[in-house]
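Residue numbers (my numbering): 1 to 468.
Backbone N, C-alpha and C define an ideal beta-carbon position, used for all residues, glycine too.
These notes concern the structure reproduced below.
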């Protein structure tokens with residue numbers, strides 16, 4: 001348009017003429033009133049002048065309309081191109097073809113007007129104003145563009161509807177997968193439980209039967225013997241008062257860390273020590289704390305008294321597995337089953353016991369009567385109960401700081417079946433000898449004074465998991 005305007009001569013005069021014509025045309029209605037007073041003289045002249053002024057105004061409107069139309073077409077083309085790529089349906093292609101046809105018609109008309117001369121412009125500004133020449137086609141372009149947008153909106157709604165159906169299918173499949181996963185998980189749990197029970201049975205069968213009496217029978221025996229002695233008011237030798245109230249014993253029971261104590265008695269203190277251990281285990285079970293035990297009681301067959309360190313370790317392993325049976329998984333039970341088979345040395349058996357003790361609970365007590373060992377049997381070289389448990393305590397504190405393992409080893413016959421330095425003896429050994437010099441304690445026990453065996457009360461650290 002600027003090129004067209006600059007190519008015309010007397011452009012400034014035409015501009016002023018257009019302004020004047022537009023102003024005169026505004027007041028044309030008023031002038032029409034004045035003309036009516038002398039229509040016979042003035043109407044012809046005024047009509048001619050009005051025609052000239054209208055032609056100039058229409059010419060200016062034509063230029064404006066062309067500029068607006070071209071701008072409208074330029075704004076619509078990118079949108080049409082994007083929607084044609086986004087929704088390439090048959091109706092969309094038809095609508096785009098129609099709007100392109102109207103755009104071409106508009107451009108052809110604009111080109112024809114541009115090619116016309118001055119006299120044609122003057123003539124067509126009166127005979128073919130912009131409203132008649134371009135409004136119809138511009139309105140058609142707007143309508144077709146709106147149709148394209150409506151088709152795009154419908155396509156979008158269709159995609160949303162299809163997406164909703166797909167999401168419904170995905171949801172249904174996910175629910176089916178969740179149901180299948182639940183069923184599979186339940187079946188796996190059932191299968192793992194069956195495998196765990198099977199492996200547990202294999203482990204129990206793989207552990208040789210020990211000559212040591214089962215723990216429950218041992219406790220029943222000790223309970224019956226203790227009740228019989230109380231009923232008969234037996235004068236059985238009592239443990240010394242300083243043993244029951246020993247600071248070393250109190251420290252062992254009340255310590256917040258894993259601890260070990262070695263109780264050294266004599267032949268006369270064997271029965272009181274057994275009853276003392278029975279009281280400890282009873283208090284632990286009443287408090288819901290696990291306790292593993294290996295206590296010697298009299299047997300009728302002397303051949304059954306032949307027990308080795310490996311037998312005691314297997315005996316403790318069997319008790320630990322019975323406690324942790326419900327806590328074991330199929331993989332852990334499978335690993336234990338693999339490790340337990342074969343003729344294992346004491347160190348290997350202790351490693352299995354160590355792994356079981358880590359899974360029992362936050363607190364677990366072990367009471368082991370080393371008099372179970374056959375005194376005529378050669379003890380294994382390189383295995384020490386004291387060193388094994390002390391090393392286990394260090395590893396346990398690093399692996400599970402909240403877990404506590406308390407170990408009591410009893411010996412009331414010969415020396416301990418492992419070497420003890422003077423420092424270890426002073427640190428871990430607690431003497432518990434009974435003899436004829438405890439008559440006053442017997443009298444105190446019969447009179448009900450608090451110096452009896454039952455005066456000892458175990459105070460384990462709270463917070464351990466419960467169980468029996």
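According to DSSP, simplified to helix, strand and coil, what is residue i?
i           : result
residue 256 : coil
residue 165 : helix
residue 369 : strand
residue 100 : helix
residue 214 : coil
residue 62  : helix
residue 413 : coil
residue 432 : strand
residue 317 : helix
residue 345 : coil
residue 288 : coil
residue 261 : strand
residue 419 : coil
residue 293 : strand
residue 400 : coil
residue 364 : strand
residue 307 : coil
residue 78  : helix
What whole-angstrom Cβ distance do residue i and residue j have, given they're in contact under 8 angstroms?
i           : j           : result
residue 430 : residue 243 : 7 angstroms
residue 147 : residue 95  : 5 angstroms
residue 407 : residue 396 : So it is not a contact: roughly 12 angstroms between Cβ atoms.
residue 402 : residue 346 : In fact, because the Cβ distance is near 28 angstroms, the residues do not count as touching under 8 angstroms.
residue 433 : residue 240 : 7 angstroms
residue 83  : residue 152 : 5 angstroms
residue 218 : residue 297 : 6 angstroms
residue 409 : residue 385 : 6 angstroms
Quick check on residue i: buried or exposed, where buried means 16 or more other Cβ atoms within 10 Å of its Cβ?
i           : result
residue 164 : exposed
residue 62  : buried
residue 114 : exposed
residue 170 : exposed
residue 389 : buried
residue 112 : exposed
residue 391 : exposed
residue 425 : exposed
residue 398 : exposed
residue 220 : exposed
residue 247 : exposed
residue 291 : buried
residue 216 : exposed
residue 281 : buried
residue 260 : buried
residue 249 : buried
residue 262 : buried
residue 264 : buried
residue 65  : buried
residue 133 : buried
residue 476 : Since the first residue of the chain shown is 1 and the last is 468, residue 476 is not available in this structure.
residue 324 : buried
residue 108 : exposed
residue 160 : exposed
residue 273 : buried
Please go through the same chain and pick out, in chain order, the residues whose beta-carbon is closer than 8 angstroms to the beta-carbon of residue i, but skip the five residues on each side of it.
i           : result
residue 473 : Residue 473 lies beyond the range of the chain shown here (1 to 468); nothing can be said about it.
residue 155 : 86, 87, 89 and 92
residue 184 : none
residue 72  : 138, 141 and 142
By Cβ distance below 7 angstroms, which residues in the same chain neighbour residue i in space, the five residues on each side in sequence not counted?
i           : result
residue 400 : 358
residue 383 : 309, 346 and 347
residue 294 : 212, 312, 315, 316, 368, 369 and 372
residue 102 : 137, 140, 141 and 144
residue 252 : 259, 261 and 406
residue 350 : 313 and 388
Which same chain residues, not among the five before or five after residue i, have their C-beta less than 6 angstroms away from its C-beta?
i           : result
residue 366 : 292 and 407
residue 393 : 258
Does the count of Cβ pairs from the segment 357–377 and the segment 410–419 closer than 8 angstroms reach three? Touching, per the Cβ criterion.
Does the contact criterion of 3 or more C-beta pairs under 8 angstroms hold for the segment 263–272 versus the segment 342–350? no
Spell out a yes or no on whether the segment 69–80 and the segment 138–152 are touching, meaning 3 or more CB-CB pairs, one atom from each, closer than 8 angstroms. yes
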